[in-house]
Amino acid sequence: MTAPPSAALLAVVAEVEAHLSEAGWDQPPQLFALVDTEELLRAEPQLAASMGLVVTRPGTLTPIAQDPLAPEGLDDQLASVVFGPEVLGVVIAHEVLVLPPSAEAAVGDDVGAAATHPERREVRMAVGVMRDGSRESVLRLRAVADGEDELVTGGDLAPGLADALLATLDES
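Throughout the sequence shown, residue numbering follows the numbering used here, covering 46 to 217 in sequence.
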């Protein structure tokens with residue numbers, strides 16, 4: 046049975062986020078091209094074997110890491126990326142600071158003030174999109190004090206970032 050596209054996308058977005066979380070926090074944005082695992086096995090059997098890839102069900106996606114991106118000017122960097130038809134989707138992992146609405150008003154656009162605000166939360170957003178427009182996100186909120194990281198999933202948690210990713214799949 047083929048996995049539904051959104052289930053396959055959520056699985057690979059969660060896989061990317063979990064992989065990156067092993068490296069800890071303060072990582073640069075990382076972009077991944079998503080390819081069909083069966084197609085990759087057929088096209089590159091030696092590479093697939095060296096990576097230990099196997100297809101357990103049709104519709105499985107494999108993330109292929111691209112060069113890390115600079116944290117500054119992410120929108121412009123994504124605007125310069127265009128993936129060919131062999132790429133079925135894209136995932137990006139990007140760390141940001143978030144503030145509660147009450148603090149946002151006081152801080153405004155002052156990045157330094159946001160970075161030192163006592164109510165700030167560090168978040169790693171892993172956002173994925175497919176050519177059909179489907180989107181999934183996994184957000185990891187960094188633990189406060191001795192707590193544990195919190196994971197949140199959803200299809201539209203970072204709509205602007207998802208739209209920018211969709212544009213990388215537009216070949217026109």
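Even glycine gets a Cβ: it sits at the ideal position worked out from N, Cα and C.
Keep in mind that this is a model prediction, so the values were computed, not measured.
Review point. Could you give the residue range of the alpha helix (DSSP H) that holds A124?
Key: 119-124
**Study point:** Closest Cα partner of V70 within the set V141, L76, L85
**Key:** Note that residue 70 is Trp in the sequence shown, not Val. The shortest C-alpha separation from W70 is found at V141.
Practice item. Look up T213 in the DSSP assignment and say whether it is helix, strand or coil. Key: coil
Exercise for review: Would you kindly report the start and end of the unbroken beta strand (DSSP E) that includes A115?
Suggested key: Per DSSP, A115 belongs to no beta strand (DSSP E) and is neither H nor E.
Check your understanding: Apart from the five residues on each side of it in sequence, which residues of its chain come closer than 6 Å, Cβ to Cβ, to L85?
Key -> When the five nearest sequence neighbours on each side are left out, the beta carbons in the same chain lying within less than 6 Å of the beta carbon of L85 are those of A93, T107, in order along the chain.
Check your understanding: How is Q91 classed by DSSP in three states: helix, strand or coil?
Key -> helix
Check your understanding: Taking all protein chains shown into account, do 16 or more other C-beta atoms lie within 10 angstroms of the C-beta of E117, making it buried, or fewer, making it exposed?
Key -> exposed
Exercise for review: May I ask you to verify whether the region 127-145 touches the region 157-172, counting CB pairs closer than 8 Å and requiring at least 3?
Suggested key: yes
Practice item. Would you be able to state if there are at least three C-beta pairs under 8 Å between the region 109-116 and the region 145-165? Key: no
Check your understanding: For L123 versus P74, is the C-beta distance shorter than 7 Å?
Key -> Result no, Cβ atoms of L123 and P74 do not sit closer than 7 Å.
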